[in-house]
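A.B. asks: I'd like to ask you about the structure that follows.
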Amino acid sequence: MDDLISKAISKAESKGASFAEVRAFGYKNENISTRDGQIETCGLYDDKGYGVRVIKNGAWGFASTAVIEESTVDEITSLAIKEAEATSKVQKNPVVLTEEPIIKDKYKTAFKINPFDVPIEEKIEILKLSDEIIMEKGDIIKSRSNSMSFYEVFLDYGNSEGTRITQEELFSGASVSAIAIAQDNQSRNEGLFEMRGYEYIEKFDFETKSDQVAKEAVILATEAKAPKPQKTNFILEPFQLGLTIHESVGHPTELDRVLGWEADFAGTSFLTLDKLGSNYKYGSEKVNLVCDPTMPNVLGHEKYDHEGVATKKFDVVREGIFKGYQSDRQTAKIVGLEHSNGNARIARYNRVPLVRMSNLYLEPDPEGPKNIEELIEETDEGIYGIGWKSHSIDDKRTNFQFAVQIAYEIKNGEIVAPLKNTLYQAATPEFWGGLDMMTKEWSIEGLGPSCGKGAPHMQAMWVSHGGPHSRFKNVDIFSG
Amino acid sequence: MSIEQQKELLLELSQLAIKRVKELGAEAYVNASIAKQYASRFSNSEILQNYVDFMRNFELTVVYQDKQKSTSVTNDLSEKSILKLANYVTKVAKLVPPDPMYPGILKEKQQFSKLNLNDPSAINLQPDDIVDKIESGIIAGEAVDQKVAGVSGNFLLSDGHVLFASSSDIEVDYPSTNISTTLNTQALKDEEESRSNSNFGARFFNKLDIEKESIEVAERAVNGLGAKSIEPGDYEVVFDHQAAADIIRMTAFATSSMQLITRRSFLNDRIGQQVFDEDLTILNDPHNLDLLSAKPIDAEGLATQGFPVIENGILKNYSYTRLHAARLGAVPKGCGFSFFGRTIGIPFAMIMKPGGVSKEDLISNIDNGLLVTNLHYTNYVNPPVGSITGMSKDGLFIIKNGEIVGSAKNMRFTDELPRFLKDIEIGSELRQPASMMGIGSMVAPIKAKNFKFTSKTEH
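Taken in sequence, the protein lines are chains W and H. Every position in the first sequence, counted from 1, becomes a number in our numbering once 128 is added. Every position in the second sequence, counted from 1, becomes a number in our numbering once 180 is added.
Below is the structure:
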């Protein structure tokens with residue numbers, strides 16, 4: 129690969145490129161799923177190739193191919209140059225990048241068991257047992273599904289500044305779902321990923337999750353009531369908290385959105401440039417939101433981003449004050465930052481890098497209640513929401529409305545009743561302004577390759593979020 | 181690579197894979213495509229990035245003893261890779277427990293329509309041609325008004341070859357060209373921003389009228405300045421084409437056999453019932469060459485066919501995969517569609533029956549209402565009752581006494597499809613917003629008597 133990268137960079141420079149980078153990227157994905165006891169999918173998705181991105185005449189050009197052979201380098205590099213020359217005809221501001229340290233490194237994420245070495249029969253057997261556990265809950269369960277998914281991702285990166293990186297990631301995920309129909313038609317599911325090998329399947333614990341999901345689907349369909357419209361204390365568990373962080377903090381702090389580059393599809397951001405360094409109040413003093421892709425084993429973990437920049441831990445919000453955007457080399461330079469924050473990522477070899485989330489979470493409160501049980505005890509009245517059901521947010525990321533799969537009504541420090549069809553609607557700064565209590569215990573949850581961004585080719589990225597069980601004051605709750 | 185070379189490569193590799201699978205005692209079908217793609221991302225009236233890609237996709241499904249099935253995909257089109265794929269998928273198909281309801285590999289002969297789905301001149305396009313087209317759109321938009329601050333958007337042209345082949349001697353291939361474009365124009369006045377958005381497409385590069393679209397989008401952005409904050413509540417609304425396309429797509433998902441299997445559709449068990457207003461008629465029309473999602477064959481090898489999805493408000497047909505049809509005792513009609521790694525049934529080429537009045541006439545009959553041009557982040561809230569939520573985006577206009585009198589700040593809606601589509605009127609002009617995820621539709625504006633906005637924003 130080194131030879132191919134060197135050849136492409138030399139070719140680009142000989143054709144007048146002021147900067148060139150070569151990114152070979154690919155992944156192998158094994159996905160096995162069942163629906164109602166029958167195999168629904170079982171197979172591999174194999175996608176790989178390389179792309180050459182150049183700056184010529186101050187403009188970007190990019191070309192890619194699935195054929196990772198030196199014989200293709202001349203054609204692909206020449207096409208990238210041609211694209212840059214064309215781009216420069218309709219460009220006002222030349223591309224300038226932040227200066228970054230030159231890195232030469234090889235990195236692999238840690239795992240114990242390679243899932244691709246585990247026989248498919250063993251995986252199918254686990255899914256069958258999970259299905260049987262759900263089915264045991266009786267005829268009220270009308271549909272069942274579950275899955276395992278494994279990804280092996282590689283990045284070979286080199287640029288004309290001398291950086292050379294090889295990075296390999298391996299991550300695993302699982303899901304289980306049940307639909308129950310009685311007085312109502314309700315679903316309950318759990319699906320999580322971590323940057324681990326097949327050992328994650330044991331950690332996911334299909335047996336316990338299948339039982340829990342099925343029981344709660346039955347509760348939802350038989351005894352849960354819809355909440356009355358109210359403003360109340362609302363407690364979120366780490367996964368749904370993570371989704372709320374993703375939509376209301378992650379996306380609006382992406383610098384390319386702020387600059388208007390995603391206006392046509394993903395949208396822009398309420399977090400305009402004047403808010404950086406202005407002590408803009410994002411939430412209550414308890415809000416500490418941190419981006420940390422260096423954290424091992426979480427899904428958004430990467431040592432290097434896809435521009436060859438070392439990732440780092442940085443504050444997005446500290447004590448309720450907005451501190452910094454997620455950025456890549458170009459967007460950071462545009463707003464006068466010295467360095468990229470290392471958020472450039474691609475989902476496929478034939479896509480250009482975008483500013484993407486990695487691992488963004490809410491820090492726990494070391495002075496808070498120990499766990500969810502103690503947090504509920506501290507709550508006179510409120511609702512505890514669990515699991516993602518539906519989400520929607522406006523293009524500037526201020527008005528959001530999410531539904532949780534199951535909720536519980538809290539009175540006098542105790543759970544008193546299950547709730548279904550529970551929605552919460554809020555405006556971003558007001559919602560985070562209402563954060564008043566968090567537990568000491570916390571976790572980071574992997575959302576899987578499900579964050580869609582970018583046009584004309586949407587890129588589905590794997591990210592992780594989370595934090596402690598967290599209580600928000602005066603949240604609008606209703607049913608739907 | 182010429183069209184003939186693309187075709188030859190796909191044919192050779194599919195024959196190689198099928199031959200190998202047969203040697204191993206199983207049957208197989210191949211969905212493969214190869215395309216050159218020109219793409220561009222532009223923002224604030226300058227091009228951010230142009231790129232070109234040679235897309236390859238080879239999906240092999242192996243069926244063993246009629247009841248065991250496995251599918252894998254590669255983009256490595258070397259012979260070695262395809263043989264490895266054939267060996268692997270056959271091995272997995274033999275391991276997978278049999279599904280008693282799976283109907284086995286398709287053996288019935290199909291009558292495929294010959295559709296001309298490509299632009300023969302596209303193969304000669306150069307990056308400069310794409311840039312010139314985009315630049316003409318930017319210039320046209322900026323010329324509309326001094327308040328136009330920038331034109332953003334994206335462009336994608338995909339030109340290549342598609343093939344389906346099976347061990348039961350079904351073989352179809354065709355060249356295909358598809359162009360999709362989005363424009364998002366920003367207007368500024370003092371500190372205030374207004375944006376307008378449009379998705380559109382074409383099959384022929386020289387028929388993509390980006391200038392006309394850009395002028396319309398820029399005018400709408402300028403007209404959006406001065407937006408007032410209005411209160412959420414029930415409004416009479418006109419959904420313009422793009423908003424209407426979103427609503428029709430959400431409705432189409434409820435007719436998918438996947439939703440019937442999971443029992444999560446509000447349209448479950450409602451065939452033959454008057455679910456919507458009698459003005460609503462939607463056909464699945466995959467042979468209509470005006471539709472960018474037209475095609476002769478579905479993902480499972482069935483010939484596509486036209487059928488009514490909704491006729492005069494009565495639900496007429498669901499869309500099935502072969503497996504789901506077998507499970508539910510129905511006949512599939514060529515609606516198998518690859519969707520995030522699964523095959524689902526969906527009407528992917530929809531056309532709405534237009535009404536008799538123009539959009540202006542629809543508006544002129546409203547005393548107090550809103551024109552909704554674009555929706556954003558629309559999702560189901562509670563599928564069994566058909567409730568959806570989402571935001572208006574880039575163009576919400578106030579209608580008073582039959583006229584547009586200004587713009588409004590965006591609002592969130594949360595409403596039920598079978599409720600607000602119960603009392604509607606359809607406009608006369610059909611347009612085709614670019615397909616989303618390959619699901620295309622040609623739609624007319626929809627006037628809904630009552631639509632629920634539930635909260636508001638400050639922009």
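Virtual Cβ for every residue (Gly too), placed ideally from N, Cα, C.
Buried or exposed, going by whether 16 or more other CB atoms sit within 10 Å of the CB of proline 577 of chain W?
C.D. replies: The residue labelled residue 577 of chain W in the question sits at position 449 within the first sequence. Its Cβ being crowded by 16 or more others within 10 Å, proline 577 of chain W is buried.
A.B. asks: Select from the stretch 323 to 334 of chain H all residues with a C-beta closer than 9 Å to any C-beta belonging to chain W, and list them in chain order.
C.D. replies: Gly330, Ser332, Gly333 and Asn334
A.B. asks: Taking glutamine 219 of chain W as the query, report the chain H residues whose CB atoms sit under 8 Å from its CB, ordered along the chain.
C.D. replies: Mapped onto the first sequence, residue 219 of chain W falls at position 91. Within chain H, the residues near glutamine 219 of chain W are Glu226 and Ile227.
A.B. asks: According to DSSP, proline 596 of chain W sits in a beta bridge with which residue or residues?
C.D. replies: The sequence position of residue 596 of chain W within the first sequence is 468, counting from 1. In the DSSP assignment, the residues bridged to proline 596 of chain W are W/Trp570.
A.B. asks: Considering Cα atoms alone, identify which of H/His467, H/Ala382 and H/Pro412 is closest to glutamate 638 of chain H.
C.D. replies: In the second sequence, residue 638 of chain H corresponds to position 458, counting from 1. Among H/His467, H/Ala382 and H/Pro412, the Cα nearest to that of glutamate 638 of chain H belongs to H/Pro412.
A.B. asks: Spatial neighbours of arginine 385 of chain W within its chain, please: CB distance less than 7 Å, with the 5 preceding and 5 following residues excluded, ordered by chain position.
C.D. replies: For the purposes of this step, residue 385 of chain W is taken as residue 257 along the first sequence, with counting starting at 1. Contacts found: His379, Ala394, Gly395, Thr396 and Ser397.
A.B. asks: Can you round the beta-carbon distance between asparagine 464 of chain H and phenylalanine 487 of chain H to whole angstroms, since I take them to be within the 8 Å contact cut?
C.D. replies: Here residue 464 of chain H refers to the residue found at position 284 when the second sequence is read from its first residue. Here residue 487 of chain H refers to the residue found at position 307 when the second sequence is read from its first residue. Contact holds; Cβ gap of about 6 Å.
A.B. asks: Based on the DSSP secondary-structure assignment, which residues constitute the bridge partners of lysine 496 of chain H?
C.D. replies: Residue mapping note: residue 496 of chain H aligns to position 316 of the second sequence, counting from 1. Paired residue(s): none; lysine 496 of chain H is not in a bridge.
A.B. asks: Alpha carbons only, please: which of H/Val243, H/Asp233 and H/Val253 is nearest the one belonging to isoleucine 204 of chain W?
C.D. replies: Here residue 204 of chain W refers to the residue found at position 76 when the first sequence is read from its first residue. Closest by alpha carbon: H/Asp233.
A.B. asks: Kindly indicate which three-state DSSP category proline 577 of chain W falls into: helix, strand or coil?
C.D. replies: Numbered from its first residue, the first sequence carries residue 577 of chain W at position 449. Of the three classes helix, strand and coil, the one that applies to proline 577 of chain W here is strand, per DSSP.
A.B. asks: Applying a beta-carbon distance threshold of less than 7 Å, which residues of chain H neighbour glutamate 211 of chain W?
C.D. replies: Along the first sequence, one-based indexing puts residue 211 of chain W at 83. The contacting residues are Asn230, Tyr231, Val232 and Pro307.
A.B. asks: Check distances from the C-beta atoms of the stretch 558 to 576 of chain H to those of chain W and list, in chain order, the residues that come in under 8 Å.
C.D. replies: Thr558, Asn559, Tyr560, Val561, Asn562, Pro564, Ser567, Thr569, Gly570, Met571, Lys573 and Asp574
A.B. asks: Quick check: the stretch 350 to 362 of chain H against the stretch 287 to 303 of chain H, are there 3 or more CB pairs under 8 Å?
C.D. replies: yes
A.B. asks: Grab the span of the alpha helix (DSSP H) containing tryptophan 560 of chain W for me, first residue to last.
C.D. replies: In the first sequence, residue 560 of chain W corresponds to position 432, counting from 1. Its alpha helix (DSSP H) spans residues 556 to 561.
A.B. asks: Could you tell me how far apart the beta carbons of asparagine 255 of chain H and glycine 177 of chain W are, in whole angstroms, since I believe they sit closer than 8 Å?
C.D. replies: Counting from 1 along the second sequence, the entry for residue 255 of chain H is found at position 75. Counting from 1 along the first sequence, the entry for residue 177 of chain W is found at position 49. Asparagine 255 of chain H to glycine 177 of chain W, Cβ: 7 Å. Contact.
A.B. asks: Spell out the partners DSSP gives tyrosine 218 of chain H in its beta bridges.
C.D. replies: The sequence position of residue 218 of chain H within the second sequence is 38, counting from 1. Beta-bridge pairing links tyrosine 218 of chain H to H/Val232 and H/Leu337.
A.B. asks: Near lysine 451 of chain W, which residues of its chain fall below 7 Å by C-beta distance, leaving aside the five closest residues on each side in sequence?
C.D. replies: Along the first sequence, one-based indexing puts residue 451 of chain W at 323. Taking C-beta separations shorter than 7 Å and ignoring five residues to either side along the sequence, the partners of lysine 451 of chain W in its chain run Asp443, Val444 and Val445, following chain order.
A.B. asks: Sort out for me which residues DSSP pairs serine 607 of chain W with in a bridge.
C.D. replies: Start at 1 with the first residue of the first sequence, and residue 607 of chain W comes out as number 479. The partner list for serine 607 of chain W (beta bridge, DSSP) reads W/Thr550.
A.B. asks: Based on the DSSP secondary-structure assignment, which residues constitute the bridge partners of leucine 364 of chain W?
C.D. replies: The residue you call residue 364 of chain W lines up with position 236 of the first sequence. BP columns for leucine 364 of chain W point to W/Gly513 and W/Ser598.
A.B. asks: Please confirm if proline 277 of chain H has its CB atom under 9 Å from at least one CB of chain W.
C.D. replies: Counted from its first residue, the second sequence places residue 277 of chain H at position 97. Yes, its Cβ sits closer than 9 Å to a Cβ of chain W.
A.B. asks: Considering only the alpha carbon of each residue, which of W/Asp174, W/Leu417 and W/Leu207 lies closest to glycine 370 of chain W?
C.D. replies: Residue 370 of chain W sits at position 242 when you count from the first residue of the first sequence. By alpha-carbon distance to glycine 370 of chain W, the top candidate from W/Asp174, W/Leu417 and W/Leu207 is W/Leu417.
A.B. asks: In terms of residue numbering, what span does the beta strand (DSSP E) encompassing alanine 148 of chain W cover?
C.D. replies: Within the first sequence, the letter at position 20 stands for residue 148 of chain W. Residues 147 to 163.
A.B. asks: Which of the three DSSP states is assigned to aspartate 308 of chain H in this structure?
C.D. replies: The residue you call residue 308 of chain H lines up with position 128 of the second sequence. Note: aspartate 308 of chain H maps to helix in three-state DSSP.
A.B. asks: Can you give me the C-alpha to C-alpha distance between proline 278 of chain H and aspartate 246 of chain H, rounded to a whole angstrom?
C.D. replies: Residue numbering aside, residue 278 of chain H sits at position 98 when the second sequence is read from its first letter. Residue numbering aside, residue 246 of chain H sits at position 66 when the second sequence is read from its first letter. The straight-line gap from Cα to Cα measures roughly 8 Å.
A.B. asks: Cβ of tyrosine 209 of chain H less than 9 Å from any chain W Cβ?
C.D. replies: On the second sequence, residue 209 of chain H is found 29 positions in, with the first residue counted as 1. No, tyrosine 209 of chain H lies away from the interface with chain W (no Cβ there is under 9 Å from its Cβ).
A.B. asks: Just the Cα atoms here: how many angstroms apart are lysine 615 of chain W and serine 192 of chain W?
C.D. replies: Since the displayed chain W opens at 129 and closes at 608, residue 615 of chain W lies outside it and no answer follows.
A.B. asks: When you compare the CB positions of leucine 490 of chain W and valine 591 of chain W, do they come within less than 9 Å of one another, or not?
C.D. replies: The residue you call residue 490 of chain W lines up with position 362 of the first sequence. The residue you call residue 591 of chain W lines up with position 463 of the first sequence. No, the Cβ-Cβ distance between leucine 490 of chain W and valine 591 of chain W is not below 9 Å.
A.B. asks: Under 9 Å, Cβ to Cβ, is there at least one residue of chain W near methionine 235 of chain H?
C.D. replies: The residue labelled residue 235 of chain H in the question sits at position 55 within the second sequence. Judged by the 9 Å Cβ criterion, methionine 235 of chain H is in contact with chain W.
A.B. asks: Can you give the Cα-Cα distance for phenylalanine 600 of chain H and valine 455 of chain H, rounded to whole angstroms?
C.D. replies: Here residue 600 of chain H refers to the residue found at position 420 of the second sequence. Here residue 455 of chain H refers to the residue found at position 275 of the second sequence. Using only the alpha carbons, I get a separation of about 11 Å.
A.B. asks: Using only alpha-carbon positions, find the residue among H/Leu204, H/Ser220 and H/Met235 that is nearest to leucine 190 of chain H.
C.D. replies: Counting from one through the second sequence, the residue named residue 190 of chain H turns up at place 10. Considering only alpha carbons, the answer is H/Met235.
A.B. asks: Determine, using beta-carbon pairs with one atom in the stretch 606 to 616 of chain H and one in the stretch 385 to 400 of chain H, whether at least three such pairs fall under 8 Å.
C.D. replies: No, the stretch 606 to 616 of chain H is not in contact with the stretch 385 to 400 of chain H.
A.B. asks: Going by DSSP, what residue range makes up the alpha helix (DSSP H) through glutamine 245 of chain H?
C.D. replies: Start at 1 with the first residue of the second sequence, and residue 245 of chain H comes out as number 65. Note, glutamine 245 of chain H: premise wrong, no alpha helix (DSSP H); not H, not E.
A.B. asks: Output yes if chain H places a C-beta closer than 9 Å to the C-beta of proline 546 of chain W; else output no.
C.D. replies: In the first sequence, the residue the question calls residue 546 of chain W occupies position 418. Chain H contact via Cβ: absent.
A.B. asks: Would you be able to state if there are at least three C-beta pairs under 8 Å between the stretch 400 to 419 of chain H and the stretch 557 to 576 of chain H?
C.D. replies: yes
A.B. asks: The alpha helix (DSSP H) that contains leucine 193 of chain H, what's its start and end?
C.D. replies: The residue given as residue 193 of chain H occupies position 13 in the second sequence. Per DSSP, the continuous alpha helix (DSSP H) segment holding leucine 193 of chain H begins and ends at 183 to 203.
A.B. asks: Going along the chain, which residues of the stretch 577 to 588 of chain W sit with their C-beta nearer than 9 Å to a C-beta in chain H?
C.D. replies: Within the stretch 577 to 588 of chain W, those residues whose Cβ lies closer than 9 Å to any Cβ of chain H are, in chain order, Gly582, Ala583, Pro584, His585, Met586 and Ala588.
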